[in-house]
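Quick note on the numbering used here: the sequence shown kicks off at 5 and runs consecutively. Accompanying notes for the structure given below.
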Amino acid sequence: MFYSFELEKYLEDLLPPREELLLEMESVSLEETIPVVTPTVGHFLELMVEVSGARDILEIGTAIGYSTVYLARGARKTGGKVLTVDMNKGRVERASRYLERAGLGDLVEIHVENALKYLPKVTKSYDFIFVDAAKGEYPEYLDLISPLVSPGGVMVVDNVLFRGWVVPGAVYDLKYEKMVTAMRGFLDRLNHLPGFKVSVLPFGDGLAIARKCEV
Ligand SMILES: C[S@@+](CC[C@H](N)C(=O)[O-])C[C@H]1O[C@@H](n2cnc3c(N)ncnc32)[C@H](O)[C@@H]1O
């Protein structure tokens, strides 16, 4: 087994206590099996926005807005704004209500559309882009998103270790073979993407961080 639940639990225990609203969102995500980032990843996203000083932030995959809360909290510190995109209208309506309750509504714009249709129309560049939508579409997102990252900007991609199964030698159900192979291919491409410097971090479900070199 390559994915350590004990490690994740330990890292989560090191975090500061989370507000009631975040705990409520975590319960909803569990009860309704809506996948959201782990608290360690959420905390890290907020920190990354802060340390990078990102002001223009784009998220692909809002769901009920759990990761968006963390991104927006980072944006509040940098004077930035978050644009988050999801094609599930019901989910983003709930995200909008949670963000209002968190007092972050004015920092977030929500766009409801398939990202594969929306991204080709985007002309603006972003300092920080968080990718957490359909895993099978990651290669397409990469093509569409990498040109949108500002020089010196950062792209963070969730689930790149896919429960640790991406690690060669891991044991998993064969029904996941296609996804595991695709994610390995994606990581290989990302790591060789010209003009980017990449690291993969083995917590949460695996996070890739890619910084676009400054010109
Ligand atoms: C893993 S959830 C996002 C979780 C969220 N980032 C969080 O941690 O709170 C993935 C979301 O991506 C959305 N999604 C999947 N494919 C998409 C696409 N092509 N365009 C827009 N949204 C998409 C789904 O509707 C779903 O709500």
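We put the CB at the ideal spot given by N, CA and C, even for glycine.
Quick one: Cα of residue i to Cα of residue j, how far?
i      : j      : result
Glu2   : Lys81  : The chain is shown from 5 up to 219; residue 2 falls before or after that span and cannot be answered.
Met52  : Tyr70  : 16 Å
Glu35  : Pro143 : 30 Å
Tyr176 : Leu11  : 20 Å
Lys125 : Ala174 : 39 Å
Met5   : Leu178 : Caution is warranted here: a pLDDT of 44 is assigned to Met5, below 50, making its placement in the model unreliable, and no coordinate value can be reported.
Arg167 : Leu123 : 28 Å
Val41  : Glu28  : 14 Å
Met183 : Gly140 : 7 Å
Glu117 : Lys128 : 17 Å
Ser31  : Val161 : 24 Å
Leu111 : Gly78  : 10 Å
Gly65  : Asn92  : 9 Å
Cys217 : Val158 : 9 Å
Thr156 : Ala138 : A quick correction: the sequence has Gly, not Thr, at residue 156. Computed Cα separation, rounded: 26 Å.
Arg22  : Pro39  : 18 Å
Which residues in the same chain have their Cβ closer than 6 Å to the Cβ of residue i, if we skip the five residues on either side of it in sequence?
i      : result
Arg95  : Ala67, Ile68
Leu146 : none
Arg98  : Ile68
With a threshold of 8 Å on Cβ separation, who are the neighbours of residue i within its own chain once the five nearest residues in sequence on each side are excluded?
i      : result
Leu26  : Pro43, Gly46, Tyr70, Val73
Lys201 : Ala214, Arg215, Cys217
Just tell me which of the options has its CA closest to the CA of residue i.
i      : options                        : result
Leu194 : Thr185, Pro206, Ser150         : Ser150
His115 : Glu141, Glu16, Val86           : Val86
Ala119 : Ile133, Ala106, Leu111         : Ile133
Lys303 : Asn163, Gly208, Lys216         : Nothing can be reported for residue 303: it is not among the residues displayed for the chain, which extend from 5 to 219.
Val171 : Ser154, Leu152, Val153, Asp192 : Asp192
Assuming residue i and residue j make a contact with CB atoms under 8 Å, what is their CB distance in whole Å?
i      : j      : result
Leu108 : Ala76  : 4 Å
Leu165 : Pro198 : About 24 Å separates the two Cβ atoms, so there is no contact after all.
Val89  : Glu63  : 7 Å
Please return the same chain residues whose Cβ sits closer than 7 Å to the Cβ of residue i, not counting the five positions on each side in sequence.
i     : result
Ser56 : Asp131, Phe132, Val158
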